[in-house]
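The next block holds one structure in the form of structure tokens; read it before the comments.
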Amino acid sequence: KDILLEVNGLKKHFPIKKGMFQRTVGHVKAVDDISFFVRKGETFGLVGESGCGKSTTGRTLMRLYEPTAGQIIFDGKDISNMKERELHPFRKDIQMVFQDPFSSLNPRKTVQTILREPLNVHGMYKGKARQEYVEELMEKVGLNPAYANRYPHEFSGGQRQRIGIARALTLNPKLIIGDEPVSALDVSVQSQVLNLFKDLQDEFGLTYLFIAHDLGVVKHISDRIGVMYLGKMMEVASKKDLYADPLHPYTQALLSAVPRSHPTEVKRERIILTGEIPSPSNPPTGCVFHTRCPMAMDECKQVTPAYREVKKDHFVACHLYK
Ligand code: SF4
Ligand code: MG
Numbered sequence: 017k018d019i020l021l022e023v024n025g026l027k028k029h030f031p032i033k034k035g036m037f038q039r040t041v042g043h044v045k046a047v048d049d050i051s052f053f054v055r056k057g058e059t060f061g062l063v064g065e066s067g068c069g070k071s072t073t074g075r076t077l078m079r080l081y082e083p084t085a086g087q088i089i090f091d092g093k094d095i096s097n098m099k100e101r102e103l104h105p106f107r108k109d110i111q112m113v114f115q116d117p118f119s120s121l122n123p124r125k126t127v128q129t130i131l132r133e134p135l136n137v138h139g140m141y142k143g144k145a146r147q148e149y150v151e152e153l154m155e156k157v158g159l160n161p162a163y164a165n166r167y168p169h170e171f172s173g174g175q176r177q178r179i180g181i182a183r184a185l186t187l188n189p190k191l192i193i194g195d196e197p198v199s200a201l202d203v204s205v206q207s208q209v210l211n212l213f214k215d216l217q218d219e220f221g222l223t224y225l226f227i228a229h230d231l232g233v234v235k236h237i238s239d240r241i242g243v244m245y246l247g248k249m250m251e252v253a254s255k256k257d258l259y260a261d262p263l264h265p266y267t268q269a270l271l272s273a274v275p276r277s278h279p280t281e282v283k284r285e286r287i288i289l290t291g292e293i294p295s296p297s298n299p300p301t302g303c304v305f306h307t308r309c310p311m312a313m314d315e316c317k318q319v320t321p322a323y324r325e326v327k328k329d330h331f332v333a334c335h336l337y338k
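Quick note: the sequence shown uses the UniProt record's numbering, first residue 17, plus one each step.
Given below as structure tokens:
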């Protein structure tokens with residue numbers, strides 16, 4: 017299948033400024049040299065504990081942040097250094113659904129105003145056609161179009177996230193980045209919203225980058241999964257491969273925490289990681305995971321493991337695989 021998004025050696029470092037003259041005294045290496053690709057029509061799950069850089073990755077891909085280094089190739093074009101004017105046509109192709117539907121929707125605007133805004137910005141649809149389009153969008157995401165004049169607070173959490181999804185869909189994007197889009201919802205609502213994502217993907221041929229903090233949430237929705245830790249990509253594989261044969265010790269630990277959803281699944285021994293996640297402003301030398309890795313060797317403290325394809329379509333950064 018064709019590749020829609022290719023990320024090569026992407027870095028996003030934020031300066032740490034101190035004192036009266038705001039001197040730069042260091043950098044938070046939020047995203048530090050990651051590479052992966054997303055194929056057209058698939059769902060790529062990006063997983064890791066909070067602070068691992070997955071949200072920063074999403075925002076940098078949307079060019080809400082300027083990349084520090086590396087390449088973002090979207091639909092065959094390198095968008096990593098484009099200026100705002102050049103980026104404008106791409107802005108509609110990549111949309112984001114945020115974690116918190118409460119704060120990402122303007123409380124003073126009606127649903128219909130919220131959904132019309134992106135259409136105004138990009139000059140799509142006018143008059144009656146616009147009205148019909150907004151109603152159609154509401155139906156697609158399971159909202160009653162009769163409520164178009166209501167405000168976000170008049171809807172439940174799940175419905176509000178449906179508004180967020182409708183807003184992301186208005187411009188007919190190619191890629192939707194979901195930044196933990198179900199984390200703030202009740203468990204009973206989560207699966208409904210995940211099913212909606214799945215249905216919309218089938219209907220519109222959408223590609224998803226789905227950010228989550230645990231492997232449980234992305235399990236059903238993802239085709240391929242990337243695991244991040246402290247700004248680095250630890251492992252990328254198809255979901256099937258990752259669950260059947262996790263290679264990286266960090267992935268193995270994360271997977272051991274996911275409850276089995278079927279009795280035929282392999283029973284995994286729980287791996288408890290000890291120690292805190294180190295600060296991304298002062299990451300460990302060598303392999304950034306070595307301070308918590310149950311398999312760490314001497315080499316791991318000195319040498320950063322290369323990120324390599326060790327099996328077909330299965331990438332890992334770990335000295336255990338050479
Ligand atoms: Fe563990 Fe070493 Fe592999 Fe890092 S490189 S994950 S410390 S074994
Ligand atoms: Mg986040």
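All residues carry an ideal CB built from backbone N, CA and C; glycine is no exception.
Counting Cβ pairs, one atom from each stretch, are 3 or more of them under 8 angstroms apart for the stretch 120–133 and the stretch 178–185?
Cβ pair count under 8 angstroms is three or more, so yes.
Query raised in the report: So C309 and L263 are in contact, right, with Cβ under 8 angstroms, and what is the actual spacing, rounded?
Result: For this step, residue 309 is matched to residue 293 along the sequence shown. For this step, residue 263 is matched to residue 247 along the sequence shown. Not quite, the Cβ-Cβ distance comes to about 13 angstroms (not below 8 angstroms), so this is no contact.
DSSP state of M249, grouped into three classes? Numbered from 1 along the sequence shown, position 233 holds the residue referred to as residue 249. Here DSSP, grouped into helix, strand and coil, assigns M249 to strand.
ask   = Is D49 closer than 8 angstroms to G69 when the C-beta atoms are compared?
value = By 1-based counting over the sequence shown, the position of residue 69 is 53. By 1-based counting over the sequence shown, the position of residue 49 is 33. Their beta carbons are not under 8 angstroms apart, which means G69 does not touch D49 by this criterion.
**Prompt:** At what residues does the alpha helix (DSSP H) containing D146 begin and finish?
**Reply:** As a position in the sequence shown, residue 146 is number 130, starting the count at 1. According to the sequence as given, residue 146 is Arg; it is not Asp. Secondary structure note for R146: its alpha helix (DSSP H) is the uninterrupted segment G143 to K156.
Determine the direct distance from the alpha carbon of E292 to that of P265, and round the result to whole angstroms.
Start at 1 with the first residue of the sequence shown, and residue 265 comes out as number 249. Start at 1 with the first residue of the sequence shown, and residue 292 comes out as number 276. Approximately 16 angstroms, taken between the alpha carbons.
With DSSP as the reference, label Y337 as helix, strand or coil.
-> On the sequence shown, position 321 is the one that residue 337 refers to. Note: Y337 maps to coil in three-state DSSP.
**Prompt:** Of the choices P117, K190 and Y167, whose alpha-carbon is the least far from that of L201?
**Reply:** Translated into positions along the sequence shown, residue 201 becomes position 185. The candidate whose alpha carbon is nearest that of L201 is P117.
### Query
Any idea if M311 is buried or exposed, counting beta-carbon neighbours within 10 angstroms, 16 or more meaning buried?
Residue numbering aside, residue 311 sits at position 295 when the sequence shown is read from its first letter. That one is exposed.
- Message: Let me confirm a value: I32 is counted as buried when at least 16 other C-beta atoms fall within 10 Å, else exposed. Which label applies?
- Response: Counting from one through the sequence shown, the residue named residue 32 turns up at place 16. Exposed is the call here.
Beta carbon of L336: closer than 7 angstroms to some heavy atom of the ligand SF4? Walking along the sequence shown from the start, residue 336 turns up at place 320. Because some heavy atom of the ligand SF4 lies under 7 angstroms away, the Cβ of L336 counts as near it: yes.
Practice item. Using a Cβ-Cβ cut-off of 8 angstroms, state whether Y266 counts as contacting chain B. Key: Absent here is chain B; the protein component of the structure consists of one chain.
- Would you grab the beta carbon distance between G174 and V209 for me? Rounded to a whole angstrom, and I think it's under 8 angstroms. Along the sequence shown, one-based indexing puts residue 174 at 158. Along the sequence shown, one-based indexing puts residue 209 at 193. About 6 angstroms; that satisfies the 8 angstroms criterion.
Practice item. Report buried or exposed for Q318, applying the criterion of at least 16 other Cβ atoms within 10 angstroms of its Cβ. Key: Here residue 318 corresponds to residue number 302 of the sequence shown, with the count starting at 1. Exposed.
message = In whole angstroms, give me the CA-to-CA distance for residue 365 and P161.
response = Residue 365 lies beyond the stretch modelled for the chain, which goes from 17 to 338, so this question has no answer here.
*Taking the CB atoms as reference points, tell me whether Q115 and E219 lie closer together than 8 angstroms.*
By one-based count along the sequence shown, residue 115 stands at place 99. By one-based count along the sequence shown, residue 219 stands at place 203. Not closer than 8 angstroms, so no.
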